[in-house]
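Just below is one structure, and these are the notes that go with it.
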Amino acid sequence: MVLAFGDIGKGVEDSEKYFQPGFSAKNLMALVPAFVEEIQVFRDWLEDIAKTDEVVQLEPKVMRTTADIIGRAALGERLNCHRGDNVFFEALKDSVGWLITDNTPPSLVKLVHPLRRIKLWRNNRNMEKFLKPMIQRNVAEYTQKDGVVDGPQTIMSLAIKSYVNEVQSASDKYAAGGVDPKFIDIAISQLKIFMLAGHDTTASTLCFVYHLLTKNPKALEAVRTEHDEILGKDVFETKDTIIARPQLLNQLPYTSAVIKETLRLFPPAGTVRQGPDDFFLTQPDTGLRYPTKGLMLWDCNIAGHRSEMFWPRPNDFVPERWFAKEGEPLYVRKNTFRPFELGPRNCIGQELAALELRAILALTIREFDIESVWNDDDPEWFGDKAYQAEIPREITGHSKRYMPARVKKRVIEA
């Protein structure tokens with residue numbers, strides 16, 4: 001547990017609620033065909049890499065894919081981050097590199113760097129210039145069609161509807177172009193948060209899924225068997241099958257268990273909560289109580305996820321634990337699993353992340369063997385050379401060296 005002085009305002013929480021309808025499981029399922037289109041770009045890249053037998057850094061490519069999926073979910077737009085440089089994505093990543101997250105010497109150097117403020121100002125301007133026209137198109141479409149949107153609704157289109165219904169009165173609902181201009185600023189801020197929080201956390205999780213499945217061939221075989229049974233044995237029809245019946249992605253319990261177990265072992269991010277006036281942290285051995293009033297509390301979820309107090313075989317990859325019933329040795333106790341945190345301020349994008357991961361695995365895991373590659377003298381953490389590490393200009397728990405990997409195309413019988 002880490003404590004710091006500060007205050008968590010309600011601004012983010014208040015504006016985030018307008019975007020919650022778009023993150024519902026039902027709405028995201030309608031957007032699966034668009035997600036598949038973006039995942040296919042990643043799948044084609046894997047096929048190209050497999051022909052070279054090269055060792056590549058896997059995570060940067062996955063990050064661009066997840067960014068493209070977020071673009072489709074939020075705006076209904078193709079950002080094409082995976083195919084080349086995207087102004088918004090590059091500005092966001094550069095801004096992350098200038099963030100001050102600790103008091104280490106590199107952070108202090110960034111803090112006093114003469115170009116830091118200019119860089120951040122330029123990046124914010126570029127992100128706004130990129131996002132604003134897209135948001136305005138969504139607003140214009142909403143206004144022209146009196147709030148009726150054809151086809152699947154994006155996170156943005158539902159947010160506009162939610163904002164208009166709650167904030168703007170019926171008398172001025174369609175005045176001044178239909179939507180209060182303040183909404184544009186809210187939307188830009190939220191989209192930056194969604195992209196920042198969602199693209200790399202999902203990407204690092206996928207990389208660890210590939211790694212853990214390769215290390216555990218029985219689990220890998222179980223995932224592939226499940227996909228054969230639910231999605232059909234013809235892997236070359238998988239894309240069309242998912243587009244026609246996206247709900248099949250909700251019928252992959254073992255795949256979901258693998259994802260949960262990966263998030264348990266390698267949660268990519270933590271969370272902060274504000275300490276209430278009457279809440280104290282108690283040292284279990286001495287009984288000493290620490291007040292939390294006026295403090296921000298950060299719970300180290302990776303420590304909790306690997307604690308023997310809560311988890312049998314805490315450092316082992318055991319997807320089967322997620323099927324254990326109460327009273328059984330591997331039963332997962334309530335509130336012990338918290339990669340997305342719990343309560344009213346849990347991760348708004350957790351349904352999207354889980355759906356992305358299932359879809360990407362469905363379209364890649366049977367066609368390719370993706371094996372992480374390490375040096376013989378690489379250090380290990382809990383017996384594994386793949387672990388989360390601090391990477392310069394990143395802020396979440398990324399895989400060490402961005403998960404170097406070799407991709408091989410599997411021979412699949414027709």
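Quick note: the sequence shown uses UniProt numbering, first residue 1, plus one each step.
Quick reminder that beta carbons are idealized off the backbone N, C-alpha and C, glycines included.
Can you tell me whether residue i is buried or exposed, with buried defined as 16 or more other CB within 10 angstroms of its CB?
i	result
Met309	exposed
Asn346	exposed
Lys129	exposed
Ile412	exposed
Arg125	exposed
Trp311	buried
Lys182	exposed
Ser339	Per the sequence presented here, residue 339 reads as Pro, with Ser not at that position. Classification for Pro339: buried.
residue 487	Since the first and last residues shown for the chain are 1 and 414, residue 487 lies out of range.
Asn103	exposed
His113	exposed
Glu166	exposed
Glu261	buried
Gly6	The pLDDT assigned to Gly6 is 46, lower than 50, so where the model puts this residue is not dependable, and the model offers no usable value.
Glu320	exposed
Cys300	exposed
Val148	exposed
Ser307	exposed
Arg117	exposed
Gly294	exposed
Leu115	exposed
Asn335	exposed
Lys61	buried
Arg410	exposed
Ala159	buried
Val318	buried
Ser399	buried
Ala25	exposed
Ile365	buried
DSSP beta-bridge partners for residue i?
i	result
Asp384	Trp381
Pro404	Gln57
Phe368	Lys409
His398	Ala389
I believe residue i touches residue j by the beta-carbon criterion, under 8 Å. Please report the beta-carbon distance rounded to the nearest angstrom.
i	j	result
Leu191	Asn138	Actually they do not touch by this definition, with Cβ atoms about 11 Å apart.
Leu297	Val272	7 Å
Ile69	Phe23	About 13 Å; that fails the 8 Å criterion.
Asp53	Arg406	7 Å
Glu59	Met403	5 Å
Val235	Thr255	In fact, because the Cβ distance is near 15 Å, the residues do not count as touching under 8 Å.
Phe19	Ile348	7 Å
Phe208	Ala324	Not confirmed; about 22 Å, so no contact.
Glu77	Met127	Not confirmed; about 14 Å, so no contact.
Lys132	Asp94	That belief does not hold up - the Cβ atoms of Lys132 and Asp94 are roughly 19 Å apart, past 8 Å.
Ala389	Ile242	With 8 Å as the limit, Ala389 and Ile242 do not qualify as a contact, their Cβ atoms being about 34 Å apart.
Can you check which of these residues, the options, is closest to residue i by C-alpha distance?
i	options	result
Pro267	Asp200, Val32, Leu79, Ile412	Asp200
Glu38	His227, Leu357, Pro392	Leu357
Val179	Phe208, Leu220, Leu131, Gln136	Gln136
Phe368	Gln144, Lys408, Lys161, Phe317	Lys408
Asp384	Phe89, Leu212, Ser162, Gly22	Leu212
Lys239	Glu16, Asn103, Val41	Val41
Ile259	Leu355, Arg289, Arg306, Lys61	Leu355
Arg64	Leu92, Glu54, Asp53, Val32	Leu92
Val96	Met403, Lys400, Ile395	Ile395
Ala187	Lys218, Ile155, Val209, Phe208	Ile155
Gly198	Asn301, Glu77, Ala269, Glu320	Ala269
Leu361	Asn27, Glu16, Thr66	Thr66
Gly275	Asn27, Tyr290, Arg306, Gly232	Tyr290
Arg313	Gly343, Arg264, Ala386, Phe279	Arg264
Gly151	Leu99, Pro33, Ile302, Asp185	Pro33
Leu352	Thr143, Phe194, Val55, Gln144	Phe194
Phe337	Ala303, Arg366, Ile370	Ala303
Arg245	Asn216, Ser256, Ile230	Ile230
Val55	Trp374, Phe280, Lys218, Gly397	Trp374
Arg72	Leu99, Arg401, Ser157	Ser157
Glu341	Lys119, Tyr387, His305, Glu380	His305
Ala50	Cys207, Asp376, Gly397, Glu371	Glu371
Is residue i near the ligand HEM, in the sense that its beta carbon is under 8 Å from a heavy atom of that ligand?
i	result
Gly71	Summarising the ligand content, the structure contains no ligands, and the ligand HEM is consequently not present.
* Return the chain-ordered ranges of every alpha helix (DSSP H) run that is complete within the segment 102-174 and spans a minimum of 4 residues. => 105-111, 116-144, 155-166
* Asked: Which ranges would you report for the alpha helix (DSSP H) in the segment 262-323 if only whole runs of at least 4 residues count?
  -> 301-305
* Which ranges does the alpha helix (DSSP H) cover as unbroken runs of at least 4 residues, wholly within the segment 187-262, from first to last along the chain? -> 217-231, 238-244
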